[in-house]
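*Asks:*
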Amino acid sequence: MGPLEETALAIAEARLPITLVVIAGRNQKLKARLEARTWPIPAFVYGFVRDMPTFMRAADVLVTKAGPGTISEALNASLPMILYSRLPGQEDGNIPYVTENGAGIWAPSVPKIVSALRYWQTNRAAYAQARQACREMARPTAARDIARCLMERLQTLQRHPPATPAQIASVEDQ
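Numbered according to my numbering, the sequence shown spans residues 23 to 196.
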């Protein structure tokens, strides 16, 4: 049993007053195993989905690994996160970025994930603060801003092209 399956089962067995949505991605075997289960709480299992932003807007909490794309999408959806894993090195900085800014909780084990869910269920003020932190951290126009910056840079380069290697060599020869 992998971490997603183990986490989903533990959340369901905690019998929190929630509806569980599990997105198994392209893992058809996991999807089939989860669909075959009888869940003690309302649960919906999906495979690969193309409309993740729709799922995020409908959710109250996202339990996920600390991937930068997912974090950005969650922030833009004002969706507090419970981060449970990361790719060492590559994603290490994402955890303090989310937690120190108040947009999520680091819960690197299944019991801690369940505790974090329970905490936000019983402490609505803390949950509201996390949601507000997500709103404040969101950068919904980031892609457009980057494209604008690149276009400005290209226009500058067109007006003032960099020196060619031959031009540099001729200056060095003088």
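Every residue gets a Cβ at the ideal spot worked out from N, C-alpha and C, and that includes glycine.
(1) How many Å lie between Trp142 and Tyr149 at the Cα?
(2) Rounded to whole angstroms, what is the Cα-Cα separation between Leu26 and Leu56?
(3) Per DSSP, what are the beta-bridge partners of Thr86 in this structure?
(4) In chain order, what residues of the same chain lie with their CB nearer than 7 Å to the CB of Thr92, ignoring the 5 residues before and after it?
(5) So does the segment 158-169 actually touch the segment 132-141, counting three or more Cβ pairs closer than 8 Å?
(6) Evaluate contact between the segment 67-84 and the segment 41-52, counting only Cβ atoms and requiring at least three cross-stretch pairs below 8 Å.
(7) Express the C-alpha separation of Ala96 and Thr76 in angstroms, rounding to a whole number.
(8) Going residue by residue through the segment 44-83, where are the continuous alpha helix (DSSP H) segments of at least 4 residues, counting only ones entirely within it?
(9) Please report the residue range of the alpha helix (DSSP H) in which Ile33 lies.
(10) Put Gly115 into one of helix, strand or coil per three-state DSSP.
(11) DSSP three-state call for Ile40: helix, strand or coil?
(12) Roughly how many angstroms separate the alpha carbons of Ala99 and Ala155, rounded to a whole number?
(13) Note down, in chain order, each residue of its chain lying with its Cβ closer than 7 Å to the Cβ of Thr144, except the 5 sequence neighbours on either side.
(14) Among residues of its own chain, excluding the 5 on either side of Arg37, which ones have a beta-carbon nearer than 7 Å to its beta-carbon?
(15) Exposed or buried, Ile168, counting other C-beta atoms within 10 Å across all chains shown (16 or more means buried)?
(16) In whole angstroms, give me the CA-to-CA distance for Pro102 and Glu174.
(17) Classify Gly91 as helix, strand or coil using the three-state DSSP reduction.
(18) Ala65 and Ala34: beta carbons closer than 9 Å?
*Replies:* So, to answer that:
(1) 5 Å
(2) 10 Å
(3) In DSSP, Thr86 forms a bridge with Leu105.
(4) Thr86
(5) no
(6) yes
(7) 11 Å
(8) 50-58, 74-80
(9) 25-35
(10) Three-state result, Gly115: coil.
(11) coil
(12) 11 Å
(13) none
(14) Pro62, Ile63
(15) exposed
(16) 35 Å
(17) Reduced to three states, the DSSP call for Gly91 is helix.
(18) Yes, Cβ-Cβ distance for Ala65 and Ala34 is below 9 Å.
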